[in-house]
C-alpha cells in the first residue's frame, strides 16, 4: 500500500515511519510537513492512504482534503486530542488515531484502510469536505482556491463580490479574479448572511463594499461599489439588502 | 459619582438628618431669638435642607484633597475659603427667603438682627459637621474599595492558578510532548531523557509558582524558557526565541504565571501557523519609574480566526490592572504580520502592591 505521511512535526513523522516500517505491505512514498506540500504530494505521488495531522500551519487537515477533492486517497487522521473526531467521520475518514499512537491500534487502522481499498468505497462529496473544513456552528472565514497549481487562501474580508460563471464561481478581490468550481447556493449557505448577501441570481456582494444603490428600471437596481463597479440587483436581492442595512 | 446621590435611600437619610438640624434651629430661634414659632419653623427647615444640598458639593473637595496626601496648610485654607463662601451664599439665600415669608406691608423689627447672629453660628456649625461627615464617608468608601480590590485580586489570582493548571493539562501540549518523547526514545534516548526532565521541571515549577502571591521576574522568565524549550523539541528549527532581560529588573516582583500565558499564545497562535516558523521575543527593561515587558512574535496574516485567543490576555490584563491600578497598563499591538503585547508595571509599586496583598 502506498502511504503518504502528513505532519508538521518532524518527530511525529519519524515515529509514524518507525511504526509503519514494522507493518508488512506498506510503502512510504512521501512525507509532507505542511498542508501545501500535502496537496502537492497527494497529486504527484498518488498514494492510496494518507496519514493526516489536523492542526498544521496554513492549512488544516480538513482543508487539505477539501483541496484535493475527489482524488483524495483513503485518510487516517492523526491528532493529539480528540475534539475533531465527529468531523473526521463526516469526511468518511478510515480512522482517527490519537498521538502517541500505539502500534496495535495503528495496525488495525491500516487493516481497515486495506479493506476500504478492496471494497472501493466512494469518496465523500466536495461539499461534505468543505463543510467539515470549518468548525461546527461557524460560518466560513476563508476560501481555498487552487489556481494554476498554486493554493490561494482568501480571507473573506478581502472579497469584493462573487459572480457565478457556468459551474464556476469567480471571486473578485481588488480587481483580481480567482475561479473555483462550486455552486452559488452551496457557497451562500456557508457564508455569514450579515456580511454577504446574494443580491442577484449570479451575484453575492460583500456588504462592506457597497457605496450606494441606484434605481435602474422598474424592479431592478444597481449596486455601486466603493471602486465604482456596478452590479445588477434583483427585487428579492434589494429586499434582502434593505432588511440588513435598513 | 457622589456616594449620597448614588442611592435614593441614602439621600432620604441624609435629608432627614438636615430636617432634624432644621427643627433644632427652629427651637433655637424661638427661645434664643424670641421669633414667632410658626415663622421659625417655616424659615428654618427649608434653610437647613438648603445647607444640606450645598454641602453635597464638599464631596468633590474631599476627593481632590485626600487626607494624608495633602499639605495641612492647603487643606485648612481651602476649607476656610469654601466654608466662608458657602456660608455667605446661605445667608444671602436666607435673607431672600425671610423677605418672601413676609406678609405684604409687614416689616421685620430690629430684633430680627439677633436672628442673623444665630444664623451665622448655626451655619458655621452645620458646615463644619458636613465637612467632617464627608471626610468620614470618604474614609469609609476608601476602606470599602480597598477591601473589594483585595477580594478581586484574590479571585483573579485563583483564576490564574486554575488556568495555569489547565494549561499544564492543555491536551495538545501534553499529548504532543508525550508523542515527542515516544519518538525520541526510538533513536535518541539522551534527548528523550532531556525532554522528560524539561516536562517535569515545567510542571513542578508552575505548580509551586502558582501558589505564590508574587515572584521575582527571573523565576517567571525561567518558567517561560522551560516552556519554550519543550515546544522547541516539537517544532524544531521553526521555533526560535530570544530573551533580553535587563540586569536591574531581574528581581522585580511580578504576579506568577503572567508571562507564561503570553509566551504560550505567541507560540500557538503565532509561530505555529507559520511555515518557516519565527522568533518569540521577550524583553524586560526599566523605563524611568516603570518596568516594561514586551512579548513579540510574528504571525500569519491568513491565519484562521483562532478560538480562545485573548482569554489568557484578558486574565493578564485584569490582574495587572487590579494589582497596580492606573499606574500599570497592558497594550496590544496587532498588525497583519506581527503581534506585540507590552506591559508597564510601576518599578517600585509592583513590589509594594504585591506585598500588601500577600
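Chains as they are written, first to last, in our numbering: chain W, 2 to 247; chain F, 2 to 359. Beta carbons: idealized from backbone N, C-alpha and C, even for Gly. Treat the numbers as computed from the prediction; the structure is a model and nothing was measured.
Item                                                                                                                                             : Value
N- and C-terminal bounds of the alpha helix (DSSP H) containing residue 177 (chain F)                                                            : 172-188
Cα-Cα separation between residue 333 (chain F) and residue 295 (chain F), rounded to whole angstroms                                             : 10 Å
Residue 274 (chain F) and residue 59 (chain W) closer than 8 Å at C-beta                                                                         : yes
Per-residue DSSP class, three states only, for residue 107 (chain F)                                                                             : coil
When F:174, F:173, F:183 and F:244 are compared against residue 221 (chain F), the one with the closest alpha-carbon                             : F:244
Residue 193 (chain W) to residue 269 (chain F) span [Cα, whole Å]                                                                                : 26 Å
Under 9 Å from the C-beta of residue 327 (chain F): neighbouring residues of chain W                                                             : Going along chain W, no residue has its Cβ under 9 Å from residue 327 (chain F), so there is no contact; the nearest lies around 35 Å.
Proximal residues of chain F, C-beta to C-beta of residue 59 (chain W) below 9 Å                                                                 : 274, 275, 276, 301, 303 and 304
Contact set between residue 13 (chain W) and chain F, taken where Cβ atoms lie within less than 7 Å                                              : 180 and 184
Neighbouring residues, chain F, relative to residue 100 (chain W) (Cβ below 9 Å)                                                                 : 176, 177, 179, 180 and 183
Contact list for the segment 150-169 of chain W against chain F, Cβ threshold 9 Å                                                                : 154, 155 and 156
Residue 85 (chain F) burial status per 10 Å Cβ neighbour count (16 or more: buried)                                                              : exposed
Inside the segment 80-111 of chain W only - beta strand (DSSP E) runs reaching at least 3 residues                                               : 96-99
DSSP-derived helix/strand/coil call for residue 241 (chain W)                                                                                    : helix
Short CB-CB distance (under 8 Å) between residue 35 (chain W) and chain C                                                                        : Structure shown: chain C not included; protein chains present are W and F.
Span separating the alpha-carbon of residue 94 (chain F) from that of residue 73 (chain F)                                                       : 31 Å
CB contact below 8 Å: residue 77 (chain W) versus chain F                                                                                        : no
Cross-chain neighbours of residue 29 (chain W) in chain F, by beta carbon under 7 Å                                                              : Here the premise fails: no neighbours, minimum Cβ distance about 15 Å.
Start-end ranges of the alpha helix (DSSP H) lying completely within the segment 193-250 of chain F, minimum 4 residues                          : 218-236
Amino acids of chain F, ordered along the chain, whose beta-carbon sits closer than 7 Å to that of residue 81 (chain W)                          : 172, 173, 176, 177 and 180
Where residue 180 (chain F) falls, given that 16 or more other Cβ within 10 Å makes a residue buried                                             : buried
Cβ shell of residue 76 (chain F) (< 6 Å), same chain only, five flanking positions each side left out                                            : 66
Range covered by the alpha helix (DSSP H) that runs through residue 59 (chain F)                                                                 : 59-65
Neighbourhood of residue 259 (chain F) by C-beta distance below 6 Å, restricted to the same chain and skipping five residues each side           : 317
Identified DSSP bridge partners for residue 344 (chain F)                                                                                        : F:294 and F:331
Proximity below 8 Å, CB of residue 287 (chain F) to CB of residue 250 (chain F)                                                                  : yes
Span separating the alpha-carbon of residue 174 (chain W) from that of residue 201 (chain W)                                                     : 18 Å
Which listed residue (F:98, F:292 and F:235) has its alpha carbon closest to that of residue 15 (chain W)                                        : F:235
Contacts around residue 300 (chain F), its chain only, beta-carbon distance under 6 Å, and the 5 residues preceding and following it disregarded : 271 and 340
Cβ-Cβ distance between residue 33 (chain W) and residue 42 (chain W) below 8 Å                                                                   : yes
Beta-bridge pairing of residue 314 (chain F) - partner residues as DSSP gives them                                                               : According to DSSP, residue 314 (chain F) bridges with nothing at all.
Distance between residue 39 (chain W) and residue 51 (chain W) (C-alpha atoms, nearest Å)                                                        : 9 Å
Residue 55 (chain F) (DSSP reduced to helix, strand or coil)                                                                                     : helix
Cβ pair count under 8 Å reaching 3, the segment 119-132 of chain F against the segment 218-229 of chain W                                        : no
Per-residue burial, residue 55 (chain W) [other beta carbons within 10 Å of its own, 16 or more giving buried]                                   : buried
Interface partners of residue 16 (chain W) on chain F, CB under 8 Å                                                                              : 180, 183, 184 and 187
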